[in-house]
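Protein chains in written order, with the working numbering: chain P, 1 to 416; chain C, 1001 to 1311.
The C-beta atom is built at its ideal place from N, Cα and C for all residues, glycine as well.
The next block holds one structure in the form of structure tokens; read it before the comments.
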Amino acid sequence: MNHDHAVDGFSVATRTPLFSGSDNLPEDIDLFRAAIRDFVDEHVRPRVDDNDRAPAEDMDWELVRAGHDMGLLRLVVPTEYGGLGRGVVGVAVALEEIAAACAGTALIFGATLLGQAPLLLSGDPQLQARFLPMFAGDEPVLACNAITEDAAGCDLLIPENAVHAVGVVTARRSGDHYVLIGRKRFITNARFADFGCVYANIEGHPGATGLTAFMVPLDEPGVERGPVADKMGYRACVGSELIFHDVRVPAENVVGGEGNGMLINVQQMNMARATVAAISTGVARGAFELARTFCAEREQGGAPLYQHQFTARKLAEMTAKIDASRLLYMHAAESADNQLPAPSYEPAVAKLFADRIAIEVAQEAMSVMGARGYLRSYAMEKFVRDSFGARIYEGTPEVLALAITEALYTESDDDF
Amino acid sequence: MTSERIVPAGPSDERQARYVQEIIELNRRLRFGGLARHLRREKSAYVADHGFGMVSVAARTECIPRRYQLGLAGFRLAQYLQLSYASAQVVAERSMFCESIAGWHPADLHCVVLDSESGELLGYVTLAHNGDNEAVSVLEEGRRSRFPCEVAHEIDLFTAVSAPSTLLSREVREIKRFVHSRSLGDRTRRLRVSLELLLALSRTIEAEYPGIRALVGDVEPQVALRHLVMTGLDVKMVEGTAPWLPAGDLMHPLYTARSVVQPFFALVPERGVVAERVRRMEQAATSRRVVEALIDLSSMRGSVETAGVAA
């Protein structure tokens, strides 16, 4: 069944044929994707424009609630804690579908899954029991992952740079607690999250060499939710500062052991990058779908645009890039689901490629629509703005390149 | 980078206490207002809102989505922990956030009362199946599965009360304890929750008729027994047991925290009688004056007799 709806002058087919890169999905994932498409058609698409134009501080709780009803906030939570127990493949498939309509909405759910990931990686049953069941209730609960800082930036993502990090949030041991002091920046969901995975450096260790992951309930005394970032794209999700004024955190809230934060973060990123690549793929697909529909309906020289050689070439390049991007992220997601720890190479390659083609496809899609592509009312310019977002979070191209080349020059026991 | 595993500096009992408090708080915050909407409806499923700010729901395990099952099991564990009926040590050692639902039978019946506005769980009681699917008389102890109350009291309950030999073990359900939210400070509201639970319980027994012919369990004579008698059941008690559970059992404190707990047995009356009692309880549930309505119900009170003494 096709659900077509009008966007300022031409109809948009919201159900497109499946691309070749995703035809071999397990049946349950295929059914899951169909359910997500219904959710997107019913709840996401009708409010994309409103959420894009809303003030940066606004969160569409009705949409979050609908997503929570679908299970989007508990996708990776194991079934024994009331979750759906989906792996990275399931998450990636869901996020591509949502991002094809609105990348910001996809990131609301994606950021929560990112905040949950350290709990899964911890293997600590008490931590899991204390935090994961809260996503199984009927009220939506958000989580966040607080790593990014104003000064330290990528020094917190590259293990070799840890010693050079400056101004990192510190954790001082105090009996059976730690005391967190400092400020995080650009933290998606921090404004509303119930808890966050917060990375802090143990006092006395240079730079970020004592980086440690803490699960921090964000209603603790001393937690301040700081100013919201007014972003160019991804406007449906809210990113803000998160400030810690002597916040006491019990020692049992440490994830993976004191000083092992970098290790947790790397594993977390390796899981997450495939899903961010899926978001970028979704952005490219969303832009392409608009362009494809437009090129079928718009006639020049007595023929639809897609029959003109130059335009046909552009459409063909776009769809090839999207298919390739999907193949890469699915491969990365499958690797992340089946290797422990998740590999660094495949997710980094997938994200590097997807982030780039999202920008290329969105720009090209806008160009084939001419002046209409430049108008807000035709929805294309939002994809262009959104396309730049994923190039920054979860690893810039520069950070990804280092991860990729490190893997290229590191000997592996695996047969190549 | 170091690779040491974190070892809490504080005494382990402090950490245990923090863990238990967090589990109680976690369960207190969870809301399940969508339970009725997400139920798979079948004949015994029951949903009622009598207009006093609460919704009653009853359904078999198999009709309740897993996350709601976990929510119910978490609610009960949190209340038991606050009553010191559940072992804090076991909860912490096993990293529990809810009772295990692994042993729940698909045909167990769960009666739940929720706040209709917030979705907060207010009360809960279960009728548990013993797992027997074959037609085995309750008097054939060696061939049937024992009910948990029989295990705790080390008794063959059905022989002790001279249960009819035609009664099959799969026709018996064990009533778990009535659990009320500790947040229910208002006595009237608490009474209404009890009434709603009793009504839901009776409704499901009626809906399952003749699938459920008898109820067993163990109760404190001054507390839960009143609930059972209120529904019109004629209850046979057994005296002289010394219930206990091993120290490693989650519910070990249940029999050390309370003074007298006795096993009981009650036959479910004819369908017409059950239906009439349900009708009267529904009348009471719709009454604005719940205390008076409960007093009115006392005319249908059942009886209590001591039917046996444990050897």
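Of all residues in the segment 270-291 of chain P, none is placed with a Cβ closer than 8 Å to any Cβ belonging to chain C. Under a criterion of Cβ atoms nearer than 8 Å, the residues of chain P adjacent to C/Arg-1066 are, in order, Thr-79 and Gly-82. Following the DSSP letters along the chain, one finds P/Asp-150 in no alpha helix (DSSP H), marked with neither H nor E.
Taking a 10 Å sphere around the C-beta of C/Thr-1188, we find fewer than 16 other C-beta atoms and assign the residue as exposed. By the beta-carbon neighbour count (other beta carbons within 10 angstroms, threshold 16), P/Trp-61 is exposed. Here the alpha carbons of P/Met-215 and P/Gly-196 stand approximately 6 Å from one another. The beta carbon of C/Asn-1027 sits closer than 6 Å to those of Gly-1074, Phe-1075 and Ala-1078, all from its chain and outside the five residues before and after it, given in chain order. The residues Val-1290, Val-1291 and Leu-1294, in chain order, have a CB closer than 7 Å to that of C/Leu-1191 in the same chain once the five nearest residues on each side in sequence are set aside. Contact annotation: in the segment 1087-1099 of chain C, residues whose CB is within less than 7 Å of a CB in chain P are Ser-1095, Met-1096 and Phe-1097. In the structure shown, the three-state DSSP call for C/Ala-1128 is strand. When 8 Å is used as the limit between beta carbons, C/Arg-1018 is near these residues of chain P: Pro-250 and Glu-252, in chain order.
Distance from the CA atom of C/Ile-1101 to the CA atom of C/Leu-1070, rounded to whole angstroms, is 7 Å. Taking the Cα positions, C/Thr-1159 is about 19 Å away from C/Leu-1233.
Inter-segment contact for the segment 232-245 of chain P and the segment 55-75 of chain P is present: three or more beta-carbon pairs are separated by less than 8 Å. Residues of the same chain with a CB within less than 6 Å of the CB of P/Gly-282, apart from the 5 flanking positions on each side, are Glu-96, Ala-99 and Ala-100 in chain order.
Taking a C-beta distance under 7 Å as the contact criterion, P/Ala-362 and P/Ser-387 qualify as a contact pair. A Cβ of chain P is located within less than 7 Å of the beta carbon of C/Phe-1032. The continuous stretches of alpha helix (DSSP H) do not include P/Pro-217, which lies in the beta strand (DSSP E) extending over residues 211-217. With contacts defined as CB atoms closer than 7 Å, P/Gly-239 and P/Ala-251 fail to qualify as a contacting pair. Using a Cβ-Cβ distance cut-off of 8 Å, the segment 1060-1068 of chain C and the segment 1105-1121 of chain C are in contact, since at least three pairs of beta carbons, one from each stretch, lie closer than that value. Judged by their CB atoms, P/Ala-208 and P/Ala-162 are nearer to each other than the 7 Å cut-off. As DSSP reads the structure, P/Ile-181 sits in a beta bridge with P/Thr-170. Pairwise C-beta distances place the segment 1252-1270 of chain C in contact with the segment 1218-1234 of chain C, as three or more of them are shorter than 8 Å. For the pair C/Gly-1308 and C/Thr-1241, the Cα-to-Cα distance works out to about 10 Å.
Residue state for P/Thr-410 is assigned as coil, using DSSP reduced to three classes.
Considering only C/His-1252, C/Glu-1239 and C/Gly-1272, the residue with the shortest C-alpha distance to C/Thr-1306 is C/Glu-1239. When the five nearest sequence neighbours on each side are left out, the beta carbons in the same chain lying within less than 7 Å of the beta carbon of P/Ile-147 are those of Leu-156, Tyr-199 and Asn-265, in order along the chain. Contacts with chain P at 7 Å (Cβ-Cβ) include C/Glu-1022.
The three-state reading of DSSP puts P/Tyr-329 in helix, counting H, G and I together. With a threshold of 7 Å between beta carbons, P/Gln-126 makes contact with chain C. Runs of the beta strand (DSSP E) lying entirely within the segment 1053-1129 of chain C and spanning at least 3 residues, in chain order: 1054-1060, 1109-1115 and 1121-1128. Burial of P/His-43 is indicated by the presence of at least 16 other C-beta atoms within 10 angstroms of its C-beta. Residue environment for C/Glu-1099: buried (at least 16 other C-beta atoms within 10 angstroms of its C-beta).
In this structure, the straight-line span from the alpha carbon of P/Phe-294 to that of P/Ala-129 is close to 50 Å. If you look at C/Cys-1149, you'll find it isn't in any beta strand (DSSP E); it sits in the alpha helix (DSSP H) that goes 1148-1153.
Put simply, the CB of C/Arg-1015 is near chain P, with a gap under 7 Å to one of its CB atoms.
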